[in-house]
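First up is the structure itself, then whatever we jot down about it.
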Amino acid sequence: MLLRTPPPHKRPRLPSPEPPPQQLAVQALPLGRFVASEDTEFHHDCDDRELLGDSLRCTYKCKQLVKAEFLERYNNQERKISDLTTQLESLESSSRAIGIERNNLLEQVERLQQEKAAATARERATQDKYEIDLNRFEERFRGQFKRCEELEVKLQQEVRLRAEAELHADNMISQAEDLKITLEKNAEKMKKRIETLEEQLRREQKDAQFAITSQEKTRAQYAESEIEILRNRCEDLQQRLSKCMDENRALSDQLAAAPAESSSSRNKEMETVIKHLRDELKSFESDVVEARKMKQFHANVNLLKEKVESERLRAERAEAALEELVNCEVQTKSLIAELQIWKSLIDEIPDVEKRDDIPIKMRELQRELLASTAEVGKLTAKVSELHSELEKEKATRYRSQNDARISNKAVGDVEAENKRLKRQVELLKREVNGLKSILSSYDEEESLFMPQNSAENGQLFESRVKLKEERIQKLEVLIEDLQREGELLRSELASAELKLGRGDYDPAHTKVVHMVENLDVSAEKKVLLAEIQNLQEKLKALEDETFTSASRNAASKNAELSMLRDQVSSLEKREAR
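Those letters in the sequence shown? Residues 1 to 577, per the UniProt record's numbering, in order.
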């Protein structure tokens, strides 16, 4: 049943232009009351409507249509509010995720620092070990090299002394042969001299037969006795010469076997020989004097002159023999000095007691020298290998330092990015608080208009929250699995690095590649940079969405609410009329 208002009095229509449609001006009161201004007009199309005068009245059906339109707009506002709440929740979840990612990044930074400290400690330990080994090898090499030099010097000295000794032995042998030849010549000369003296004696005897006096007889007897003495002396000299030859041969034979004893005995014998020769020289001088006396007694002056000549030549020969004896003494002294040198050299050389042991020891020393040179070559090769390994370690250390610098720089960038994200999160929190305050005002307005739809909206909100929580749990489980896999991979990598540092691997099946950059650090750096870029993009998108949605929603909602308030106030006024 439709109710109508009583019709007004009819008045004549005046030709007036239709007023243009005007917008509604609405003022929102603080207590939720809505008042429409007096100059607002509403134009609605209704079936049951009449124009009575200047005023326009709506039917109950028009009122119901306006209320339905208002409720529809109210539901739209509730939907927008729920969307804003979901956006707020997503922002909160993203802020939580950012916090979790920040903690993960901090943990990764700490782990990288620990790995860096462990790597530096390992590198320091290996470097100390290589330095100790290098110093030990250098000391051994220096000792071996010094020993080789000493052995070379001793070897050169022994070779030189041996050559000198051989030269001296050859000289002594040649001198002994010369002495032998000279002694044979002297013996022949003495025999000739004796023969000449015998001939002279025969002549004197023949002369003495013609003029024999008692004095001449005595002199002849004296001369005969002298001749006998000279014969005896000549025989003694021949015996001594043979003895000297035998002794010379024995000395030449015993020179190699027993140089010390032979030299001492030879020196004694040579001294005795020298004494005898000196005595003989003295006796020869006395003989010369007697011959001169005999020359006075002889009548033949020419024979006496010849005797003088022969005695003079004999004296010269005796002087030459004395000079030769002096030379022999000098040579004996030099031989004694050489023998002492050989004795000292034999005493210095270990395991050498005889002259025949020297070449054997020399060969052994040469073998030791060759072995020591081979060891020196091996040590030099080892030293070169150690130098190359040290260079490689320095290169790896430099690379690790560069990686550490890059990681520190990345950590600094991440910390700066975290600070920036913190600031952005704080700004977002402030904006969220502002939006919450706006939503609380919307909730108050909704509580005034439509309390019956709150239960349905709450259920929808709870269902969405549950879905979000389930999704968050799944993501957390996935993150934990990824973290476990990452820890396993890191443990495997650490064990592999330890094996590599100890050298516990098969070089035939395993090849060590020294990379310019650490792959783990570069991969983690790339992942971190990608995550940071994604977070930055998400934050920018969220900021844009929040600002744009908040501004648009706030402006549209304010405009719609103002229109709805104007409509409600106008309807209330009409009902009051």
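All C-beta atoms, glycine included, are put in the ideal place defined by N, C-alpha and C.
Check, Outcome
"Whole-Å CB distance - Phe145 paired with Val376, under 8 Å assumed", "6 Å"
"Proximity winner among Ile181, Ser491, Leu386, Glu485, relative to Asp128 (alpha-carbon distances)", "Leu386"
"Under 7 Å between C-beta atoms of Leu369 and Leu167", "no"
"Residues near Leu155 in its chain [Cβ-Cβ closer than 8 Å; skip 5 each side]", "Met362, Leu365, Gln366, Leu369"
"Buried versus exposed call for Ser495 [16 or more other C-beta atoms within 10 Å across all chains shown]", "exposed"
"8 Å contact criterion, which Ala165 and Glu338 should meet: CB distance rounded", "6 Å"
"Residues near Glu115 by beta carbon distance below 6 Å, same chain, minus five either side", "none"
"At least 3 beta-carbon pairs within less than 8 Å: the region 324-342 vs the region 186-201", "no"
"Minimum C-alpha distance to Ile472 - residue among Glu78, Phe70, Arg79, Glu89", "Glu89"
"Check whether Cys148 and Ser372 have beta carbons under 7 Å apart", "yes"
"Short Cβ contact (7 Å threshold) for Leu379 with Phe141", "yes"
"Closest Cα partner of Arg397 within the set Arg124, Arg420, Gln108", "Arg124"
"Buried/exposed call for Leu489, threshold 16 Cβ in 10 Å", "exposed"
"Buried versus exposed call for Asn75 [16 or more other C-beta atoms within 10 Å across all chains shown]", "exposed"
"Candidates Ser437, Glu426, Ile406: closest to Val109 by CA position", "Ile406"
"Simplified DSSP state of Asp356, which is helix, strand or coil", "coil"
"Cβ-based neighbour list, Asp246, same chain, cut-off 6 Å, excluding 5 preceding and 5 following", "none"
"Between the CA atoms of Val153 and Ile360 - distance to the nearest angstrom", "18 Å"
"Option nearest Asp178 by Cα separation, candidates Glu324, Ser95, Phe70, Glu476", "Glu324"
"Outcome for Glu462 when other beta-carbon atoms lying within 10 angstroms are tallied against a minimum of 16", "exposed"
"Buried or exposed by the 16-neighbour rule on C-beta atoms within 10 Å, applied to Arg102", "buried"
"Asp413 versus Glu138: straight-line alpha-carbon distance, rounded", "47 Å"
"Arg314 versus Glu188: straight-line alpha-carbon distance, rounded", "13 Å"
"8 Å contact criterion, which Glu393 and Thr126 should meet: CB distance rounded", "6 Å"
"Lys526 versus Leu105, Glu426, Glu348, residue with shortest Cα-Cα distance", "Leu105"
"Gln77 to Ala97 span [Cα, whole Å]", "30 Å"
"Neighbourhood of Asp347 by C-beta, 8 Å cutoff - its chain only, sequence neighbours within 5 removed", "none"
"Best match in Glu470, Glu107, Lys275 for proximity to Glu487 [C-alpha to C-alpha]", "Glu107"
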